[in-house]
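With our numbering as the guide, the letters of the sequence shown map in order to residues 1 to 250.
We put the beta carbon where it would ideally sit given N, CA and C, even for glycine.
Written out below as structure tokens is the structure these notes cover.
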Amino acid sequence: MITSAPPASFKDFLKDIDPVRSGLGLYEHLSDICYFVKDQTGRFVLANEALVLLLGRTRESEVLGKTDFELVPRYLADNYFKDDQQVLFYGQEVVNKVELLTHNDLSVYWYTTTKVPIYAKDGSIIGLEGVTREFKAASSALGPYPELFKVIDFVEKNYSKKVSVADLAKRANLSVRTFERQFKRRFNLSPIAYLKKVRINAACLQLIHSNHTIAQIAQDCGFCDQSYLTKEFARLMRITPQAYRDAHAL
Numbered sequence: 001m002i003t004s005a006p007p008a009s010f011k012d013f014l015k016d017i018d019p020v021r022s023g024l025g026l027y028e029h030l031s032d033i034c035y036f037v038k039d040q041t042g043r044f045v046l047a048n049e050a051l052v053l054l055l056g057r058t059r060e061s062e063v064l065g066k067t068d069f070e071l072v073p074r075y076l077a078d079n080y081f082k083d084d085q086q087v088l089f090y091g092q093e094v095v096n097k098v099e100l101l102t103h104n105d106l107s108v109y110w111y112t113t114t115k116v117p118i119y120a121k122d123g124s125i126i127g128l129e130g131v132t133r134e135f136k137a138a139s140s141a142l143g144p145y146p147e148l149f150k151v152i153d154f155v156e157k158n159y160s161k162k163v164s165v166a167d168l169a170k171r172a173n174l175s176v177r178t179f180e181r182q183f184k185r186r187f188n189l190s191p192i193a194y195l196k197k198v199r200i201n202a203a204c205l206q207l208i209h210s211n212h213t214i215a216q217i218a219q220d221c222g223f224c225d226q227s228y229l230t231k232e233f234a235r236l237m238r239i240t241p242q243a244y245r246d247a248h249a250l
């Protein structure tokens, strides 16, 4: 039987929480969600098992005390660092940002990440916490728009072919204008941007796991030629296709 008075507010409730015993708690049981906490210098002070495995490590101790620059390639760490600074120094939340993360086989995939500041009792920002999950898994939980998820599946199976926004809108049974608006609202990027991300990801996999020329990879992944692949790859990845291949040589 509960005899104690209920807390006056959520803030009062938090005062009674044991921070040591609370820890990761729920997040350790969510295998498809990566949870992390960083201090003001950007070093990991907490990471659940899903994130540890995503980073190619086996124990949390291999991640704690390190920054992204010690755990992932520089071209990825630079982007993470930029977002962290917005949270840590300006208190700006990063919500459902679609970004690249490395898998332990050195391939990269698109994830959606949210980061929020952690405040001390005096109101200063002392760190940040965040959650990350694979873009496709996150997409299916973002709202009741099954027609948009059909489009995502179509793109992932047909990215090597010529695909237009009009084609995608037709598959969603929407006008082009409505389709673009709903897609961007659901996924925080345009249909064309998503198509390019899928193609870039496919190019990353081929650069690592095949001996195909960059020109052949461009053709296989839906780019009109090697020059266009190189331009878009450098814009999104902050590195050229050849430099990416060299950096991930097996």
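{"Query": "Phenylalanine 149 to aspartate 16 span [Cα, whole Å]", "Result": "42 Å"}
{"Query": "Same chain, Cβ closer than 6 Å to alanine 203, neighbours up to 5 away in sequence not counted", "Result": "Ile217 and Cys221"}
{"Query": "Glutamate 93 (DSSP reduced to helix, strand or coil)", "Result": "coil"}
{"Query": "Whole-angstrom distance between isoleucine 152 and serine 164, CA atom to CA atom", "Result": "13 Å"}
{"Query": "Secondary structure of leucine 142, DSSP reduced to three states", "Result": "Note on leucine 142: pLDDT 48, under 50, position unreliable in the model; the coordinate value appears next. Leucine 142 falls in the coil class under three-state DSSP."}
{"Query": "DSSP-derived helix/strand/coil call for threonine 178", "Result": "helix"}
{"Query": "Backbone secondary structure at aspartate 112 - three-state DSSP", "Result": "First, the residue type needs correcting, since residue 112 is threonine and not aspartate in the sequence shown. Threonine 112 falls in the strand class under three-state DSSP."}
{"Query": "Burial state of aspartate 68 (16 or more Cβ within 10 Å)", "Result": "buried"}
{"Query": "Whole-angstrom distance between proline 191 and arginine 177, CA atom to CA atom", "Result": "11 Å"}
{"Query": "Beta bridge counterpart(s) of arginine 133 as assigned by DSSP", "Result": "Thr112"}
{"Query": "C-alpha gap between glutamine 182 and glutamate 62, whole angstroms", "Result": "41 Å"}
{"Query": "For aspartate 39: DSSP bridge partner residues", "Result": "Gly127"}
{"Query": "Lysine 157 burial status per 10 Å Cβ neighbour count (16 or more: buried)", "Result": "exposed"}
{"Query": "Cα-Cα separation, arginine 238 to aspartate 83", "Result": "15 Å"}
{"Query": "Every unbroken alpha helix (DSSP H) inside the stretch 189 to 239 [4 residues or more]", "Result": "191 to 209, 214 to 220 and 226 to 237"}
{"Query": "Pairwise C-alpha distance: phenylalanine 36 and lysine 121", "Result": "21 Å"}
{"Query": "Chain-order list of residues whose beta-carbon lies under 7 Å from that of threonine 114 (same chain, five-residue window excluded)", "Result": "Val94, Val95, Asn96, Gly130 and Val131"}
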